[in-house]
Each structure stands twice: as structure tokens, then as C-alpha cells.
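When the letters of the sequence shown are read in order and numbered with the UniProt record's numbering, they come out as residues 1 to 409. What follows is a set of notes on a single structure, which appears directly below.
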Amino acid sequence: MKKVIYIITTILLCMTSCTDIHDTYSEYIKDGEQIYVGKLADVKIHPGFQRMMITGSMKYLATAKTCIIELVGYDKVFTTDIDRTQPEFSYEIKDVEEGNYYVKITTKDKEGNTSLSETYNVDVYGTEHIATYYPKRITDIQFVIADNSLNLIWNQADNVVEAIVKYYDSNEQLLTLTVKGDAASTNLPDWKATSILTVETRILPSETALDIVSLPISEYTLPDDPIVEIPRTNFANANMPSDVVNGYGGSVEKLWNNDTWNYDSGYHAGDNQGVPHHLTIDMGLTATITECELFFTGYERTDWMPRLFQIWGIEDVEDLESHEPDVPSINPAWEESAKAKGWKQLTTKNISVSGWQPSIKFACDKEHENIRYIRYRIVESLSAPHVGMGAYGSASEIKFWGKKVSLLQ
1 MKKVIYIITT
11 ILLCMTSCTD
21 IHDTYSEYIK
31 DGEQIYVGKL
41 ADVKIHPGFQ
51 RMMITGSMKY
61 LATAKTCIIE
71 LVGYDKVFTT
81 DIDRTQPEFS
91 YEIKDVEEGN
101 YYVKITTKDK
111 EGNTSLSETY
121 NVDVYGTEHI
131 ATYYPKRITD
141 IQFVIADNSL
151 NLIWNQADNV
161 VEAIVKYYDS
171 NEQLLTLTVK
181 GDAASTNLPD
191 WKATSILTVE
201 TRILPSETAL
211 DIVSLPISEY
221 TLPDDPIVEI
231 PRTNFANANM
241 PSDVVNGYGG
251 SVEKLWNNDT
261 WNYDSGYHAG
271 DNQGVPHHLT
281 IDMGLTATIT
291 ECELFFTGYE
301 RTDWMPRLFQ
311 IWGIEDVEDL
321 ESHEPDVPSI
331 NPAWEESAKA
341 KGWKQLTTKN
351 ISVSGWQPSI
361 KFACDKEHEN
371 IRYIRYRIVE
381 SLSAPHVGMG
391 AYGSASEIKF
401 WGKKVSLLQ
């Protein structure tokens, strides 16, 4: 009997619960059953330049025929048909002012049933927003002596996709170069001195953005042919028949050993060489020589310092010996003979000193291009005789500066 009473009680409780559930939801179904349409899935709102693109998956749109897109608060509603023959749903809204938007999306079937609405947020960009981005800028221009090229050094700027660089080569041809957004440097192998180079920075404000936008073009003036210290790593003694013979531990090669103090560091003319005399250096490169620095011996002996000396140069000739003057350097006719054989007089320097000095740096009087061989000629010593014992010349180092440096191939 107890079991029967328990079963009857349980049935009554279940009936009461069902009645409660019906009472709870009766308010919502008093007007009949509500049918909801499937929603657009995997929705993405892509911002663009004064536009936006809505995309999404149609996997739940079995019955939906139209999609309703509302820009909340802007009184703008767009309705478009759903084309399930396409791989995904997409809809573009053009002519949108830049700003932040809430986009409400609802789908609808042919009976008027709708989906639950979903709202998304998007920032549409325009001129004002784009103006907040930093362009890709050239922070430094470095000259590469080895090949006369230029290295452009870049800053790092956010959201840069690429930079379009336009510049002129030495033949005045306009070249266009595309530089990656994260590039740290760019090499220009051939360029025109003092010409204008332009940089157009192109940015993408976000990963989902539609439009790559160009920032205002920046202009740069490429340098004049830069004057650089001529590298001495390839210097060699040309050992021409007319060159001075060294003595007292001196040698031409010591003119570029970076030692300016020791007694025997540098060249030192041997006995009975006389003054004027000269020595010849093969630079192992070609350049336009613009400046020279001559270092004197460090033991403060002034006798053999030059009072008057010359720097001569000649191009990368095939047979240097065929360009030797017809008379020795001590002969007064040497200069005219040297010019006739193709040598260029770069400078003549007259030094007025009252005592020892470590070095003298001076500009060349004339600039000649493509000089390979340098001839240093002492015309008169500070206090040494021209002939006989004591008719010496000496120097500890020699350096050159120039432009259009080109290493020999």
C-alpha cells in the first residue's frame, strides 16, 4: 500500500511541475511559436579607408534570404540578398566617414522570420587617422668606399608594409625600388650625386584592414660625391726606375705603416740621391684626390723636412714605365717632361715653418679623376743641400683623401 501511495504522490508532483513550467513561459508564447533564422557565422568587420567590408560564413543560413546591416546610431540600414552560391557572405559599405561604428547584423527568411541580432565594433580610418602614423624615414646615408655605393639607414615605424623609393642613377635614369617595411638598410649601387630621392611610405593600419594607404612623400637630397680617407690597405711601392733609392733603414712601404715616431719609420733618401727626388705609390685603386697629409719624422729633425714639395698623379695606365719623364727628377726640365708623359700636377706646397711639426694637411690645387699612381716629389728641403752628402729628404707617413674611389677589379 505504501508503494502505491508513493507512486501516486510522484505523479501529482510531476503534473504540478509541468503546470509551473507552462505558467512560466506562457507569457512568451501567448502570440504563438517564435521561429528564429540561422545567424551569419564567423563574422568579421574589415575596416578600410572610408569604407568597411562585412564577411561571414553561411553554414547556418539554411532558410535565410536577406541580411540586414545597421550602423547603430547613424540611421543607416542596408539590406542585401544572401547568395549561397558564393563561398562566403560579403558586403561592402562605401563612403563611410572615419570613426568608430557599432554594426548590428540580422538575417531574415522569406516569411519574415529573423535571426537573433549580433553587434560588432569597427574603426573606419580616414585622413585624420592616417596622419597619426610615422613614415619610414632615412636616418643616415653612408658611403661605401669599396664600391662607391650608398647605404640608406632606416628607422623602424609601425604598420609599414613597404616604401617606394625613387632615385636617379649616374646616367640620370629614374629608378624605382621597393623596400620592405621592416628593412633596416638599403643599398644603392649606382646613384647621382646631389640628386633628389623620394620615399613613399605605404601602411596597413591593422591586420584585417582592407586598404594600404600612402603617407605623404618625403624628399631627400643625396650627398655630393663624398670625400673620404683613401684606404691604404692596397698601397704598394711602384718601384719605378727613376724613384729615389732609400737608405738609413727607410723604405717607401713604411709611409703607410701607421708609425710616425720611430727613427726609421718612413722613407729616407740614401746617400748621393740629391734633391729634387721623387717616389711613386701604386694606390691599388682609382680616385679623385682632393687632400693630402704628410707626416714628418718623429725625432724632431727639421733638416730633411720639405720646404717645397709636389704631389703628382696619373691614371690607371697599362705601361707605367712608358710614362716616365725623359730626364731625372733633379733636372729642371723634369716637370715639363712629366706633363708631356701624362702626369698631372695635383699640387705644389711651400711650407714655411720655424721648427719641427708633426704633419701638414693641405688641399690639392687641381682635381683629376681616376688617379691610380701618386708621385711625391721633394723639390727643396728645409735646410739640407741639393747635392752630395746630407742632400736627403724624409717623411714618416702620407695619407690622401678623395672621392669617386673605385677599387681595382
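The beta carbon of each residue, even a glycine, is placed where N, CA and C say it ideally should be.
- DSSP, read as helix, strand or coil, puts Leu346 in strand.
- Around the C-beta of Ala384, 16 or more other C-beta atoms lie within 10 Å, and the residue is accordingly described as buried.
- Residue pairing by DSSP places Phe400 opposite Cys292 in a beta bridge.
- Met53 is bridged by DSSP to His46 and Glu92.
- In this structure, the beta-carbon distance from Thr280 to Tyr373 falls below 8 Å.
- Sequence-distant Cβ neighbours of Trp304 in its own chain, meaning closer than 6 Å and more than five residues away, are Ser381, Ala384, Tyr392, Gly393 and Ser394.
- Ala62 sits in coil when the DSSP states are folded into three classes, being neither helix nor strand.
- Per the Cβ contact rule, the region 70-79 is not in contact with the region 229-245 (fewer than 3 Cβ pairs under 8 Å).
- Counting only unbroken stretches of 3 or more residues, the beta strand (DSSP E) elements lying wholly within the region 147-202 are 149-154, 160-168, 174-180 and 185-188, in sequence order.
- Take the alpha-carbon of Ile227 and the one of Trp401: they are about 6 Å apart.
- In this structure, Gly266 places its C-beta atom within 8 Å of the C-beta atom of Gly250.
- Distances from the alpha-carbon of Ser214 to those of Thr194, Glu315 and Thr132 put Thr132 closest.
- Residue pairing for Ser218: DSSP places it in a beta bridge opposite Val199.
- For Asp42, the CB contacts under 7 Å within the same chain, skipping 5 residues up- and downstream, are Gly56 and Ser57 in chain order.
- Considering only Lys108, Ala193, Leu222 and Val161, the residue with the shortest C-alpha distance to Asp140 is Leu222.
- Here the region 148-160 does not lie against the region 97-117, with fewer than 3 beta-carbon pairs under 8 Å apart.
- In the three-state DSSP reduction, Val122 falls in the strand class (E or B).
- Under the 10 Å beta carbon count, Ala146 is surrounded by fewer than 16 other beta carbons and is classified as exposed.
- Below 8 Å, too few C-beta pairs join the region 119-133 and the region 164-176 to call them touching: fewer than three.
- Annotation: Asn100 to Val179 spans about 32 Å, alpha carbon to alpha carbon.
- As the crow flies, the alpha-carbon of Leu255 is around 23 Å from that of Val317.
- By the neighbour-count definition (other C-beta atoms within 10 Å, threshold 16), Ile217 is an exposed residue.
- In this chain, Lys339 is not harboured by any beta strand (DSSP E); it is covered by the alpha helix (DSSP H) spanning Trp334 to Ala340.
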